[in-house]
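Novice: To start, I am sharing the structure in question, which I have written as structure tokens.
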Amino acid sequence: MHVAPRTPPDLSSCQPSRRHLLAMAAGLLAGSSAAVAEPLPALIARVKRSVVAVGSYGLMDTPRFGFRAAGFAVGDGLHVLTNAHVVPEETPERIDRSIAVQVWLGDDQWQLRSAKLLGRDLRNDLALLAIDGPALPALKLAEQDAPEGTSIALMGFPIGNALGQVLATHRGIVSAWTAIATPAGGPAGLNPRAVRQLRDGAFKVMQLDAIAYPGNSGGPVLDIETGEVVGVLQGGAIKGTKEAALTAPTGISYAVPASTAARLLAEYKR
């Protein structure tokens, strides 16, 4: 019996067109690039130009720039966030001393710029400064709180008064969200503001599994995956005296969430 050869079915109508294949490839590439985090060395190199040394400038001081802590540029690049407790007190009678920052120019080169205090949030230990000169690359504040387990990097100037202004990076994770209250420094500290703060109750801060030293305060806490700032470093837990922060660091640090810092910034952007 003769059997006629079967004609293969025409599948051309079922095959995706070249345009469709290109669109699918573009979509896959876009999705993969969005999911790939910036490598940590590249993140550090980018953020370095946004982190400043906060201190005072005095014509009669030696050295003239007195280092206090770290800070970082936000908003329009002419605003700097740092801790309230590190900002030098302004003394109107001392016209020879003022708040100042040092800006990193690369290759261990630093530029001195004048600064002024715009506002403080003492309850959350935050301060906002305005600096002169060209705008710095501003860091983005995260809109969502970082969940526990988030990989973070913190930048600052550990032991800056002894080691000099060397920007250093430490890695860790968000180990917990914990509630703290602003304590009063004895009966004399129970002023109306302190009483209101205690009445407001405790507020939450990030507990970090990362070592922070004197000089790291005020620096940015970065989400390594997104590159956004998730917190402003306050300091580390210490055992006994302040010297123990150097000789026996606990490896536990605390940071104010970026959402709190964003509210302070918004007050002065109106």
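Using mature numbering (1 follows the signal peptide of the UniProt record, and there is no 0), the letters of the sequence shown map in sequence onto residues -37 to -1, 1 to 233.
The C-beta atom is built at its ideal place from N, Cα and C for all residues, glycine as well.
Smallest Cα separation from Ser114: which of Val168, Gly135 and Gly127?
Specialist: When only C-alpha atoms are compared, the closest one is Gly135.
Novice: Assign Thr45 to buried or exposed, taking buried as 16 or more other Cβ atoms, counted over all protein chains shown, within 10 Å of its Cβ.
Specialist: When all chains shown are included, Thr45 counts as buried.
Novice: From Ala93 to Ala32, what distance separates their C-alpha atoms?
Specialist: Their backbone Cα atoms lie some 16 Å apart in a straight line.
Novice: Classify Ala221: buried if its beta carbon has 16 or more other beta carbons within 10 angstroms, exposed otherwise.
Specialist: The residue is buried, with at least 16 neighbouring Cβ atoms inside 10 Å.
Novice: Kindly indicate which three-state DSSP category Leu126 falls into: helix, strand or coil?
Specialist: In the structure shown, Leu126 sits in a helix (DSSP, three-state: H, G or I).
Novice: Go ahead and pull the three-state DSSP assignment for Pro4.
Specialist: If DSSP states are grouped into helix, strand and coil, Pro4 belongs with the helices.
Novice: Could you tell me the boundaries of the alpha helix (DSSP H) in which Leu227 lies?
Specialist: Per DSSP, Leu227 belongs to the alpha helix (DSSP H) from Ala221 to Glu230.
Novice: Report the option in Leu41, Pro2, Trp67 and Glu53 whose CA atom is closest to the CA atom of Phe120.
Specialist: Minimum Cα distance to Phe120 is reached at Trp67.
Novice: Report buried or exposed for Ala(-1), applying the criterion of at least 16 other Cβ atoms within 10 angstroms of its Cβ.
Specialist: The residue is exposed, with fewer than 16 neighbouring Cβ atoms inside 10 Å.
Novice: Taking 8 Å as the threshold (C-beta atoms), are Ala98 and Ala78 in contact?
Specialist: Contact flag unset, no.
Novice: Just curious, the beta strand (DSSP E) that Tyr20 is in, first and last residue?
Specialist: Element bounds for Tyr20: Val14 to Gly21.
Novice: What are the start and end residues of the beta strand (DSSP E) that includes Gly82?
Specialist: Where Gly82 is concerned, the enclosing beta strand (DSSP E) stretches over Gln72 to Asp84.
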